[in-house]
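Contents: one structure, followed by commentary.
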Amino acid sequence: MDEQRNDGRGASRGEADPQGALRHELEAEIRQAVEAELREVLDQELRERVVARVKAELFEEIQARIARIKAELEAELLARAAPGPPPALEFERFSWNFRAQHWLLMASCLILIITGLPLKFHEARLSELFFDLVGGVQVSTLIHRIGAVGLMAVGAYHLFYLVAFREGRQNFAKLLPVGKDVRDFFQMLRYFLGKTDEKPRFGRFSYVEKFDYWAVYWGMVIMIGSGLILWFLETSLRYLPKFAADIAREAHSDEGLLATLAIIIWHFYNVHLNPEHFPMNRTFLTGRLSEEEMRRHHPLEYEEILAARAAHAPIPEGPPAPAPGSPPANPSLPSPGQPSS
Amino acid sequence: MRGSSAPGGRGRTAAPGLAAGLAALLGGLALLLLGAAGAEALAKCLVCHGKPTLSKRLSSGRLLSLFVDEKQLKESVHAARVCTDCQSDITVIPHKGEIKRVSCVRCHFKGNPVGAPQKDIYVEYAKSVHGIAAAAGNTRAPVCQDCHGNHNIRAPRDAASQMNKAHIPETCGRCHLQVFGDYRESVHWQAFASGKKDSAVCTDCHGEHSIRSHASPESSTYVSRVPETCSKCHASVAVVGKYGIKTEQVATYGRSFHGIAIKYGEKTVANCASCHGVHDIRPSSDPRSAVYIENIPKTCGKCHTGANVNYAKGKIHVDPTQKEAGAVYWVSLFFKWLTISVMVGLTAHIGLDLFRRLRRRGAAQ
C-alpha cells in the first residue's frame, strides 16, 4: 500500500513535463529488458510487438493507480474541509413557518382520524378494540377534541400567516388557480396517455398542489363548522333545528371519510408511494429541493429564481455547480463558504 | 320468549334422556298404584279442609284461609297428587307443631323420579331478586306459590293459569301495584288486550324466574341492556312488523351517538326507555306520551339542559339513507357522490401516472 501510494504520488506530482521524461526513461528500460531477454529467441518484429504490449499495459496500470490515488486524496481533502456545503445548489421550498404548520396539521388530522373512524365504523371489531384500548368513548371524544383544537389552531394561524407574513402573501398569490392550471391538467392527461412527451411546465405550485391546498379549505370549513355544532350541541340547538344537527353529523362523518381516503390514497401516493419519491419525499422535513428536483418539477419557478439571481447579482459566483455524477473540476478548491441557494 | 312463561307442560318432560324416561315411567307407575289410596287420603283431608270457612289467625293478625277447593285441585297439574306429597311434614291429625311452607323443590329438580318437569328452575330463581330477598328472610318476597298458585296450579298455556300470558300482569301486579297501574295504560297492554298476543307483558322484558333488579348488570332491564331487550321484538319484522311498526328504529338508535355510547359502556346516555318511558310507554300520537311531539322538549330536557322546541324539528330516529330523512338524506347523497367522484378522479390520476411510468420504463429497456 505504502509503496503504491509513493509511486502514485510521484506520478501525480510529475504532471506535465516531468511525465514526458519519465515516460521516455521507462520506454527505454522496457526496450532494453525485452531485448536482453529475447534477443536470441525472437526476430526484430516480434520483439517490437512485445515491447509495445508491455508498454501499453504498464501505462494503463499507472493511469489507473494515479486515478485511484487522486480520488483518495480528494476525499481526504474534502473530509478535512467538512462540514462543507453539498456540491449541488439547493432551493428552499417550505420555510420553517410553513413546515411547522404542516406538522401541526398532520398531527391534528392523525388524531382526528384515529379517534373519528371508530365512531363512524362503530360496528367493526377494530373499533371495539380501539375503544377498549383508550378506555371508552368519553376518552376517545376528549382526544378527538384535542385534535380539533389543533386543527382549528392551525387553520387560524394559517389565515394569520397569509396576511401577516410576506412569504404567506407571496405563496397565497401563487396558489390562486389560474387558466394555466386547466391547460396543465389537460396536457398532463395527454402526457399520461402518451400523446405527447412533454410534461406541463409548472411554476411554484402545480395544479395538483393547488388542488390539495384548496381541498383542505373545503375540508376545514365543513369539518370545523359541523364539528363545532356537534361539540356544543346544546348551545347549537338553542338556535338550530334538530335536523341541522343531523346534517352536521352526516356531513362531519362523510367529509371525514373523504378526507381520510384522500390522505391515505392520494397524498400518500404523491409523497411516499410514487416511484419517484419512494419511500419518502423529504421536502416536508427539510423544506429543501435539489436543483435537479427543482428543474424537473418546478421549471418555471427555477428559471424565475435564476433570472432573479442573475439580475440581483451582476457578478455570478463562478459557474453554477456541475451536474451531479461528474467529479468536480478542481478538487483542491472545496471552498466552504460557497452559497447554497 | 313469548308464549311460554313458566316451566312448561308435563308432556314435554320425558323427552331428554333415558333417565328422564325412566323417571317418568316410575312416576306413572307410582301414580297408578297410589291412585286409589290417594283418593282416600284426599277425602280424609277434605273432611276439615273442604269447609270454605276453615281458617287460621296468623301471628301477623292476617286471616289465612285453610279451605281447599277439590274441584280446583282436580283441574290442576297436580290432580294426581295427595296433600302430603307437598305438605310432607303433616303426619298426624290433628296436626302437631308448626306447619312449614311447602317446598316445591322436593319434586321440581332435574332428575326427579315423580314426573315433574325435568328442570332446575329453582337455581335461576335463587339468583333472582325475588329469590335473594326470600333467602335473606324477607317474608314478603315471592316464592313459587305466590306466582304459580297453590292448589290451582295449571300449565302456563292454560288460559285459566295465573301464569298464562294474559294473566301475568295481574299476577305480578298483586305486589307491584303501582307498576301494574302504569302498565295497564301502556301501548303494550292496550295492544295485548286488543288481541295482539305478541305484545309485551312483564316477563317479556324482565324475564321469568331469573328476574333481577334493573340496577344489576345481569338484568335484561339494566341501562345498557335495554336496547337489546326491546330489540328482541322491535327489530323483528316477524314480531312487530306485522302490526305495521317500523323495525328500523333499533338500527337508527344503534347508529346514533346515544346508541354508540351505550354500546361502548356509557351509563349516562339515553336508552329506549329514557325517551319512551318504561311501564307506561305510549304511542307517539298520544298527547300523554313522552315522545309526543309537544312533549319532546321536556323529554330531551331530562338530560339536555335548555332543550327547546328545536329538538322536535326533525326526525328523531333519522336514517340518512332514506328519503324521508329530508335534508339529511340529500346531504348524505351529495357526500356519497362527491366521495365517489373525487376518489375515482384521484385514483385515475394515480393510475395514469403509473401507467405512463411503466410505458416509459418498457420503452427504455
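If you read the protein sequences in the order shown, they are chains A and B. Count along the first sequence from 1, then add 4; that gives the number in the working numbering. Count along the second sequence from 1, then add 3; that gives the number in the working numbering. For every residue, glycine included, the Cβ atom is placed at its ideal position computed from N, Cα and C.
### Query
What do you reckon, are the CB atoms on B:V331 and A:I226 nearer than 8 Å?
Not in contact: B:V331 and A:I226 (Cβ atoms no closer than 8 Å).
### Query
Is DSSP giving A:S257 helix, strand or coil here?
In the three-state DSSP reduction, A:S257 falls in the helix class (H, G or I).
### Task
Just the chain B side, please: which residues come within less than 7 Å of A:P279 by C-beta, in chain order?
Chain B residues near A:P279: R360.
### Query
Which word fits A:E259, buried or exposed, when buried means at least 16 other C-beta atoms lie within 10 angstroms of its C-beta?
With 16 or more other Cβ atoms within 10 Å, it is buried.
### Query
Given a threshold of 16 other Cβ atoms within 10 Å of its Cβ, counted over all protein chains shown, does B:S62 qualify as buried or as exposed?
It is exposed - the Cβ of B:S62 has fewer than 16 other Cβ atoms within 10 Å.
### Spatial neighbours of B:G257 in its chain, beta-carbon cut-off 8 Å, leaving aside the 5 residues before and after
Excluding residues within five positions, the ones whose Cβ falls inside 8 Å are P230, I263 and K266.
### Task
Look up A:L81 in the DSSP assignment and give the residues it is bridged to.
Answer is none; A:L81 lacks a bridge partner.
### Query
How big is the Cα-Cα spacing for A:S112 and A:L265?
Between A:S112 and A:L265, the alpha-carbon positions lie close to 16 Å from each other.
### Query
Roughly how far, in whole angstroms, is the beta-carbon of B:P145 from the beta-carbon of B:H133, given that I think they are within contact range, below 8 Å?
About 5 Å; that satisfies the 8 Å criterion.
### Message
Less than 6 Å between C-beta atoms, sequence neighbours within five positions excluded: which residues of the same chain meet that for B:G176?
### Response
F183.
### Task
May I ask you to list, following chain order, the residues of the stretch 242 to 261 of chain A that have a beta carbon less than 7 Å from some beta carbon of chain B?
Listed in sequence order: R242, L244, P245, K246, F247, D250, I251, E254, A255, D258, E259 and L261.
### Query
For A:P323, which of helix, strand or coil comes out of DSSP?
Caution is warranted here: a pLDDT of 48 is assigned to A:P323, below 50, making its placement in the model unreliable, and the coordinate value is therefore given only provisionally. The three-state secondary structure of A:P323, taken from DSSP, is coil.
### Task
Measure the Cβ-Cβ separation of A:D185 and A:Y161 and say whether it is below 8 Å.
No. Outside cutoff.
### Message
Does B:W192 come out as helix, strand or coil in the three-state DSSP assignment?
### Response
Looking at B:W192 - three-state DSSP - the assignment turns out to be helix.
### Query
B:I319: buried (16+ other C-beta within 10 angstroms of its C-beta) or exposed?
The residue in question, B:I319, is buried, as its Cβ has 16 or more Cβ neighbours within 10 Å.
### Task
Could you give the DSSP three-state label for A:P335: helix, strand or coil?
Low local confidence applies: a pLDDT of 40 at A:P335 is under 50, so the model's placement there is unreliable, and no value is given.
### Task
Could you name the residues of the stretch 96 to 107 of chain A whose beta carbon sits closer than 9 Å to any beta carbon of chain B, in the order they occur along the chain?
Of all residues in the stretch 96 to 107 of chain A, none has a Cβ within less than 9 Å of some Cβ in chain B.
### Message
Quick check on the DSSP output: what are the complete alpha helix (DSSP H) runs of length 4 or more inside the stretch 100 to 136 of chain A, in order along the chain?
### Response
Qualifying alpha helix (DSSP H) stretches, in chain order: 100 to 124.
### Message
Give me the chain A residues within the contact set of B:S335, using Cβ-Cβ distance strictly less than 8 Å, ordered along the chain.
### Response
Neighbours of B:S335 across chain A, judged by C-beta separation under 8 Å: E254 and D258.
### Task
Taking only runs that begin and end inside the stretch 237 to 292 of chain A, name each unbroken alpha helix (DSSP H) of 4 or more residues, in chain order.
Complete alpha helix (DSSP H) runs here, min 4: 237 to 243, 246 to 265 and 287 to 290.
### Supposed contact pair B:S222 and B:R228 - C-beta distance, whole angstroms, cut 8 Å
Under the criterion of beta carbons closer than 8 Å, B:R228 and B:S222 qualify as touching, at roughly 7 Å.
### Task
Indicate whether at least one CB of chain B lies closer than 8 Å to the CB of A:Q142.
Chain B contact via Cβ: present.
### Task
Using DSSP bridges, identify the partner residues of B:K59.
B:K59 pairs with B:L67.
### Query
Quick one: does B:G1 have its CB under 8 Å from some CB of chain A?
In this structure chain B extends from 4 to 368, so residue 1 of chain B is not present and cannot be described.
### Task
Please state whether DSSP places A:S294 in a helix, a strand or coil.
In the structure shown, A:S294 sits in a strand (DSSP, three-state: E or B).
### Query
DSSP puts A:F95 in a beta bridge; with which residues?
A:L293.
### Query
Helix, strand or coil: which one does DSSP assign to B:S335?
Here DSSP, grouped into helix, strand and coil, assigns B:S335 to helix.
### Task
At 9 Å on the CB atoms, spell out the chain B contacts of A:L123, in chain order.
Taking a Cβ-Cβ cut-off of 9 Å, the neighbours of A:L123 in chain B comprise F260 and I263, given in sequence order.
#### Entry: Reduced DSSP secondary structure (H/G/I, E/B, other) of B:V253
In this structure, B:V253 counts as helix in the three-state DSSP scheme.
### Query
My guess is that A:G223 and A:F98 are in contact by the Cβ rule of under 8 Å, so how many angstroms apart are they, rounded?
In fact, because the Cβ distance is near 20 Å, the residues do not count as touching under 8 Å.
### Query
Can you give the Cα-Cα distance for B:F112 and B:D123, rounded to whole angstroms?
Using only the alpha carbons, I get a separation of about 5 Å.
### Task
Quick one: which residues of the stretch 298 to 311 of chain B get their C-beta closer than 8 Å to a C-beta of chain A? List them in chain order.
Close to chain A, meaning a Cβ-Cβ distance shorter than 8 Å, are the following residues of the stretch 298 to 311 of chain B: H307, T308, G309, A310 and N311.
### Query
From which residue to which residue does the alpha helix (DSSP H) around A:G183 run?
Looking at the DSSP string, the run of the alpha helix (DSSP H) that includes A:G183 is G183 to F196.
### Task
For A:L265, decide whether its Cβ has a neighbour in chain B, counting only Cβ atoms nearer than 8 Å.
Judged by the 8 Å Cβ criterion, A:L265 is in contact with chain B.
### Task
Give the single residue among B:S106, B:G114 and B:E297 whose Cα lies nearest to the Cα of B:C147.
Of the candidates B:S106, B:G114 and B:E297, the one whose C-alpha sits nearest the C-alpha of B:C147 is B:S106.
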